[in-house]
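K.L.:
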Amino acid sequence: MAASVVPNSAKNRKVGILAAGGALAMLGLGYASVPLYRLFCQVTGYGGTTQRADAVTAAGVKVAGKVVTIRFDANVARDMPWEFKPMQVKQEVRIGERQIARYHARNLANRTVTGTAIFNVSPEQAGKYFNKIQCFCFTEQTLKAGQDVPMPVIYYVDPAILDDPAAKDIEEITLSYTFNETHESLAAATQKPVSQPMEKPLDPARARR
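If you're matching positions, the sequence shown starts at 74 in the working numbering and goes up one per residue.
(1) Using a Cβ-Cβ cut-off of 6 Å (strictly less than) and excluding sequence neighbours within five positions of Asp-221, which residues of its own chain qualify?
(2) Nearest to Asp-237 by alpha carbon, out of Phe-211, Ala-261, Arg-175 and Gln-198?
(3) State the DSSP-derived secondary structure class of Gly-200, mapped to helix, strand or coil.
(4) Please report the residue range of the alpha helix (DSSP H) in which Leu-181 lies.
(5) Please check the pair Val-162 and Phe-252, which I expect to be a contact at CB under 8 Å, by giving their CB distance rounded to whole angstroms.
(6) Return the residue from the list Phe-157, Lys-139 and Arg-144 that minimises the CA-CA distance to Gly-219.
(7) So what does DSSP say about Glu-254, is it helix, strand or coil?
(8) Pull up the distance between the alpha-carbon of Gln-172 and that of Lys-205, whole angstroms please.
(9) If Ile-168 sits next to Ile-246, beta carbons under 8 Å apart, how far is it from one beta carbon to the other, in whole angstroms?
(10) Beta carbon of Pro-154: closer than 7 Å to some heavy atom of the ligand FMN?
(11) So, at 6 Å on beta carbons, what are the nonlocal neighbours of Asn-183 in its own chain, with the 5 sequence-adjacent residues on each side left out?
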């Protein structure tokens, strides 16, 4: 008995449905697990997420002739009691050239505050080519009351951007950071001090005995 043949159009529809379902499932998993979603963004550059590079890798990158403009943006969450700003508006850099940019942060609160920086670049197509060698965004930052600190970023734009039809003509990239206070820092700020029981005054009559 001859085997039945499934038309190509039906096969294509089935493959398309399975692929779409898989993509939706992965997206749902990403939102359900923030660390996994963030890892996905860092690997793919999705949403303008930048990449992390080590100094050894960066040292072997060849500098190209094309120059791009890097603009710098700084923000803080509404409940974050910090002043945070870039120390330069923009920089002109060649593709592949290592450069250092500086931000500055100051704690305006009368308590110690710990924050983390969320970062991205625009346009989104440039995200996977924007490499940071050193950045304050890699770890939590803790500032004491009134403390102010410089926050440097060492970065370069990967020359591979010139081989990407969707990104090779980009002439301006904006690097943006937003600082948020950590849950632990907020919890410590709202925690009420434990009240100590008051000692009863000593009876003068007993004190004379």
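Glycine included, C-beta positions come from ideal geometry on N, C-alpha and C.
P.N.:
In short:
(1) Within the sequence shown, numbered from 1, the residue matching residue 221 stands at position 148. Taken in chain order, the residues that qualify are Arg-179.
(2) Walking along the sequence shown from the start, residue 237 turns up at place 164. For the options Phe-211, Ala-261, Arg-175 and Gln-198, the alpha carbon positioned closest to that of Asp-237 is the one of Gln-198.
(3) Here residue 200 refers to the residue found at position 127 of the sequence shown. Looking at Gly-200 - three-state DSSP - the assignment turns out to be helix.
(4) The residue given as residue 181 occupies position 108 in the sequence shown. Run containing Leu-181: none; DSSP gives neither H nor E here.
(5) What you label residue 162 is simply residue 89 of the sequence shown in a count that begins at 1. What you label residue 252 is simply residue 179 of the sequence shown in a count that begins at 1. The Cβ separation is near 19 Å, so there is no contact.
(6) The sequence position of residue 219 within the sequence shown is 146, counting from 1. Comparing alpha carbon positions, the residue from Phe-157, Lys-139 and Arg-144 closest to Gly-219 is Phe-157.
(7) In the sequence shown, the residue the question calls residue 254 occupies position 181. Under the three-state reduction of DSSP, Glu-254 is assigned to strand.
(8) Here residue 172 is taken as the residue at index 99 of the sequence shown, counted from 1. Here residue 205 is taken as the residue at index 132 of the sequence shown, counted from 1. Whole-angstrom Cα-Cα distance: 10 Å.
(9) Looking up residue 168 in the sequence shown gives position 95. Looking up residue 246 in the sequence shown gives position 173. The C-beta separation of Ile-168 from Ile-246 comes to about 11 Å, leaving the pair out of contact by the 8 Å criterion.
(10) In the structure on display, the ligand FMN does not appear, and there are no ligands present to speak of.
(11) The count along the sequence shown starts at 1 and reaches residue 183 at position 110. Within the same chain, Asn-183 has close Cβ partners Ala-218.
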